[in-house]
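From first to last, the protein sequence lines are chains A and B.
The first sequence begins at 1 in my numbering and counts up one residue at a time.
The second sequence begins at 273 in my numbering and counts up one residue at a time.
Even glycine gets a Cβ: it sits at the ideal position worked out from N, Cα and C.
Here the structure is a predicted model, which means the values were calculated and not measured.
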Amino acid sequence: MILFHSTVLQRETITPDTFSIRLSCPKEFLQRFNPGQFVMVDVAVSSHLDPLLKRPFSVCRLRDDSFELLVKAVGRGTGILQQVAAGTVLSVHGPLGNGFPLATITGKPKIMLVAGGIGIAPIFSLLNGLLASGHPPLELIVGARTAAELLCTDELRKRADQEKGLQLSIATDDGSVGHHGLVTELVSWQLKSGGEKPVICACGPLPMLIALGKLAAEASCSCYLSLESRMACGFGVCLGCVTRKKTGDDRHPWVKICQDGPVFDAETLRLL
Amino acid sequence: MIDLSVSLAPGLCLKNPVMTASGTFGYGREYEPYLELDQLGAVVTKGLSLLPKAGNPPPRIMETPCGMLNAIGLENIGVEAFLRDELPGLKAAKATVVVNFFGETVDEYVELAGILDREAGIDALEINISCPNVKAGGLQFGTDPEMAAGLVAAVRRQTSLPLITKLSPNVTDIAGMAVAVAEAGSDCISLINTLTGMAVDLQSGRPVLANVTGGLSGPAIKPVALRMVYQVLQKVKIPVIGIGGITSARDALEFLLVGATAVQIGTGNFVNPAVAAEIAAGIEAFLRERSISRVSEFIGSLQLPESC
Ligand SMILES: Cc1cc2nc3c(=O)[nH]c(=O)nc-3n(C[C@H](O)[C@H](O)[C@H](O)COP(=O)(O)OP(=O)(O)OC[C@H]3O[C@@H](n4cnc5c(N)ncnc54)[C@H](O)[C@@H]3O)c2cc1C
Ligand SMILES: Cc1cc2nc3c(=O)[nH]c(=O)nc-3n(C[C@H](O)[C@H](O)[C@H](O)COP(=O)(O)O)c2cc1C
Ligand code: FES
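1) By a C-beta neighbour count over all protein chains shown, 10 Å radius and 16 as the cutoff for buried, is residue 463(B) buried or exposed?
2) Need the endpoints of the alpha helix (DSSP H) that residue 448(B) sits in, please.
3) Output yes if chain A places a C-beta closer than 8 Å to the C-beta of residue 404(B); else output no.
4) For residue 148(A), decide whether its Cβ has a neighbour in chain B, counting only Cβ atoms nearer than 8 Å.
5) At a cut-off of 7 Å, is residue 337(B) close to ligand 1 when judged by its beta-carbon and the heavy atoms of the ligand?
6) Tell me whether the beta-carbon of residue 138(A) lies closer than 8 Å to the beta-carbon of residue 166(A).
7) Using a C-beta to C-beta distance shorter than 7 Å, which residues of chain B count as neighbours of residue 253(A)?
8) Residue 410(B) CB to nearest chain A CB: under 8 Å?
9) Could you tell me whether any Cβ in chain B is nearer than 8 Å to the Cβ of residue 49(A)?
10) In the structure shown, what three-state DSSP assignment does residue 167(A) receive?
11) So what's residue 387(B) in DSSP terms, helix, strand or just coil?
12) Which full runs of the beta strand (DSSP E) of 3+ residues lie inside the region 10-75 of chain A, going along the chain?
13) Assign residue 289(B) to buried or exposed, taking buried as 16 or more other Cβ atoms, counted over all protein chains shown, within 10 Å of its Cβ.
14) Roughly how many angstroms separate the alpha carbons of residue 126(A) and residue 63(A), rounded to a whole number?
15) Using the three-state DSSP reduction, which class does residue 249(A) fall into: helix, strand or coil?
16) Based on the DSSP output, what are the partners of residue 335(B) in its beta bridges?
17) Should residue 366(B) go down as buried or exposed, given a rule of 16 or more other Cβ atoms within 10 Å for buried?
18) Could you tell me if the beta carbon of residue 70(A) falls within a distance shorter than 7 Å of some heavy atom in ligand 1?
19) Please look up how many angstroms separate the CB atoms of residue 326(B) and residue 250(A), rounded, as I've assumed it's under 8 Å.
20) Pair every Cβ in the region 540-555 of chain B with every Cβ in the region 289-304 of chain B, then say whether three or more of these pairs are closer than 8 Å.
21) Using a 10 Å radius around the Cβ and a threshold of 16 neighbouring Cβ atoms, would you call residue 477(B) buried or exposed?
22) Would residue 240(A) count as contacting chain B if we go by Cβ distances under 8 Å?
23) Just to confirm my understanding: we take residue 22(A), look at its own chain, exclude 5 residues before and 5 after, and list those with CB closer than 6 Å. What are they?
24) For residue 237(A) and chain B, any beta-carbon pair shorter than 8 Å?
25) Please decide whether residue 154(A) counts as near chain B, where near means a Cβ-Cβ distance under 8 Å.
26) Look at the alpha carbon of residue 410(B) and the alpha carbon of residue 58(A), and state the distance between them as a whole number of angstroms.
27) Check whether the Cβ atoms of residue 479(B) and residue 519(B) lie closer than 8 Å to each other.
28) Just to confirm, is the Cβ distance from residue 141(A) to residue 201(A) under 8 Å?
29) Any heavy atom of ligand 1 closer than 7 Å to the CB of residue 155(A)?
30) Expressed to the nearest angstrom, what Euclidean distance is found between the alpha-carbon atoms of residue 574(B) and residue 533(B)?
31) Count the other C-beta atoms from every protein chain shown that fall within 10 angstroms of the C-beta of residue 560(B), then say buried if there are 16 or more, exposed otherwise.
32) Using the C-alpha atoms, what's the distance from residue 281(B) back to residue 460(B)?
33) So residue 125(A) is in the alpha helix (DSSP H); what residue range does that whole segment cover?
34) Can you give me the Cβ contacts of residue 503(B) inside the same chain, cut-off strictly under 7 Å, excluding the 5 residues immediately before and after it?
35) Run through DSSP, which three-state label would residue 403(B) get?
36) Consider the Cβ of residue 54(A): report whether some Cβ of chain B lies at a distance smaller than 8 Å.
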């Protein structure tokens with residue numbers, strides 16, 4: 001993990017409340033990065049230390065001299081980033097946490113990537129990592145509330161057309177495109193349809209992750225989930241981001257999402 | 273060469289006045305990627321208890337204007353794991369080590385002080401009498417001068433290590449608390465711990481923190497901390513360590529100006545993990561610019577209006 005000053009190279013509106021932002025970084029950052037890792041980004045752009053804390057974001061894509069975030073504006077900090085001008089310098093800390101276990105998942109006969117809403121960010125970087133390094137057959141399932149809120153679908157469709165081993169399915173809550181319903185329904189059908197047992201890698205809203213963890217357990221598949229939490233530090237020192245582990249006892253019940261995760265083997269957590 | 277060294281107690285001389293605040297610096301080595309631990313005045317560890325402690329359920333933190341609320345609930349690995357897994361690394365890094373500790377009864381504090389006293393490589397103890405988060409915990413000690421004094425006296429008898437007492441700001445008479453613990457044998461006083469606060473969520477109609485209330489820290493509390501350091505220094509002769517909202521050398525210098533012998537950096541470490549070292553360098557640069565050769569000459573040089 002490195003602490004560095006980063007220049008905003010580009011910011012692009014994607015939907016009314018989502019945008020991508022490209023940030024410069026040292027080479028070392030790119031070398032160290034694993035898909036699923038995140039960065040803490042300073043959002044105190046115009047007023048020193050206000051907002052006080054850095055905000056956590058998954059890295060969505062690496063470039064030659066920079067990386068990209070895909071951000072949904074949900075509050076003050078993300079609202080500031082949504083307005084930030086190219087050329088602005090921000091303090092960035094990362095890459096942080098543990099990404100997806102690439103060696104383990106590429107050893108499986110099939111990989112299922114599942115993204116809900118803004119959860120596409122780490123899944124997109126994982127997809128790129130897998131496509132670059134050789135991979136077993138890939139099934140990509142993305143969902144959002146409406147067609148208008150689907151992210152990166154043009155690019156994902158293009159990838160799916162080019163790559164023989166990549167199959168894309170889409171679900172929307174209102175049925176405006178793809179399956180009318182939840183991504184978890186698509187996952188459930190896939191798991192029941194037989195064939196090779198996939199390893200599932202997912203990011204999205206907590207209820208979706210909980211449902212996926214259950215489906216995976218029922219089907220005896222391994223399942224890696226990328227979790228979120230409010231974070232003050234992002235590197236394991238504030239103890240603000242804990243969640244309950246499955247095998248914990250009264251004195252050691254937690255894992256830290258920032259340091260032990262954000263990607264966890266679903267079997268090691270007690271999410272409810 | 274500017275002399276940045278300060279003395280907090282007989283046998284406790286720091287190479288500079290910048291310490292880290294308990295609970296914001298882990299057990300210390302987590303910060304090795306960002307700074308040299310031996311470049312700090314001292315590292316103060318996460319508060320330790322006799323046995324490991326789970327702390328509160330999440331959500332545990334919430335950002336507030338220029339600050340944050342936390343209700344970690346004193347989660348820690350316990351003294352045994354600390355001595356086995358963390359202290360050797362701190363010693364290897366040549367850090368000056370201050371161990372912050374707490375208990376739920378006088379006996380627990382005393383037993384823990386005894387264990388820490390026997391250990392080589394600990395330079396001082398900081399006794400936390402002031403955590404506002406744990407219902408069963410230190411609250412009563414930190415808000416009642418007699419109980420606080422009794423506790424400090426009992427711990428004092430148990431250890432010959434320099435003893436820092438960390439005060440809670442959640443009292444009406446902070447100077448009275450300071451006098452009580454100074455008379456009970458504390459070598460030094462640190463203040464302030466977090467101010468009790470609360471946040472609620474209009475959307476859900478619930479408190480934000482699972483613990484309902486939490487401790488406020490960060491720049492928002494700096495004026496309160498400065499005022500309390502000032503008031504305590506009117507009443508006690510022992511060294512005072514200023515804590516609260518320090519994120520820059522200027523902030524730290526303000527506490528030194530008022531008369532704090534040293535400072536601790538807390539929430540600022542989360543935002544910039546290298547900030548403690550930057551503050552030490554910034555204090556040196558400021559003194560050089562002013563042609564002040566010793567930080568001790570600057571400490572307490574506040575000019576008060578005639579009427580005070
Ligand atoms: C490891 C990790 C990776 C993330 N990756 C992305 C990403 O790629 N793209 C993206 O848009 N967002 C991501 N998030 C969520 C993002 O950090 C929050 O949306 C952001 O911190 C909100 O800041 P704010 O100041 O705008 O909101 P605030 O004003 O602080 O809060 C507004 C709302 O956001 C919620 N919120 C605040 N902080 C978080 C948080 N850390 N996690 C979840 N919800 C939060 C609050 O509950 C509140 O409802 C990630 C979070 C984590 C922990
Ligand atoms: C997340 C967090 C955990 C803390 N844990 C402890 C602790 O274990 N023991 C203690 O004495 N103080 C603890 N504190 C209080 C700090 O040491 C410090 O007194 C307070 O945060 C004010 O300083 P600041 O504004 O620089 O953060 C904690 C503070 C925070 C923010
Ligand atoms: S965010 Fe501080 S420990 Fe995880």
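With the given structure in hand:
1) buried
2) 446-455
3) Note that residue 404(B) scores a pLDDT of 42, beneath 50, so its modelled location is shaky and nothing firm can be said.
4) no
5) No, the Cβ of residue 337(B) stays beyond 7 Å of every heavy atom of ligand 1.
6) yes
7) 326
8) Bear in mind that the predicted position of residue 410(B) carries a pLDDT of just 46, short of 50, making it too unreliable to give a figure here.
9) For residue 49(A), the answer is yes, since a Cβ of chain B falls inside 8 Å of its Cβ.
10) strand
11) In this structure, residue 387(B) counts as helix in the three-state DSSP scheme.
12) Counting whole runs of 3 or more residues, the region 10-75 of chain A contains the beta strand (DSSP E) stretches 18-24, 38-41, 55-62, 66-72.
13) Buried.
14) The alpha-carbon separation between residue 126(A) and residue 63(A) amounts to approximately 14 Å.
15) strand
16) 340(B)
17) Its Cβ having fewer than 16 others within 10 Å, residue 366(B) is exposed.
18) Between ligand 1 and residue 70(A), a heavy atom-to-CB distance of less than 7 Å is present.
19) 6 Å
20) yes
21) exposed
22) yes
23) 9, 10, 66, 68
24) yes
25) no
26) Caution applies to residue 410(B), whose pLDDT of 46 falls short of 50 and renders its modelled position unreliable; the value that the coordinates give is listed next. Answer to the nearest angstrom: the Cα atoms are 39 Å apart.
27) no
28) The answer is no: Cβ separation not under 8 Å.
29) no
30) 13 Å
31) Residue burial is scored here from C-beta neighbours: residue 560(B) has fewer than 16 other C-beta atoms within 10 angstroms and is therefore classed as exposed.
32) 7 Å
33) 120-133
34) Taking C-beta separations shorter than 7 Å and ignoring five residues to either side along the sequence, the partners of residue 503(B) in its chain run 446, 447, following chain order.
35) Per-residue confidence for residue 403(B) stands at a pLDDT of 48, beneath the threshold of 50, marking its modelled position as unreliable; no derived number is given.
36) With 8 Å as the cut-off, residue 54(A) counts as an interface residue toward chain B.
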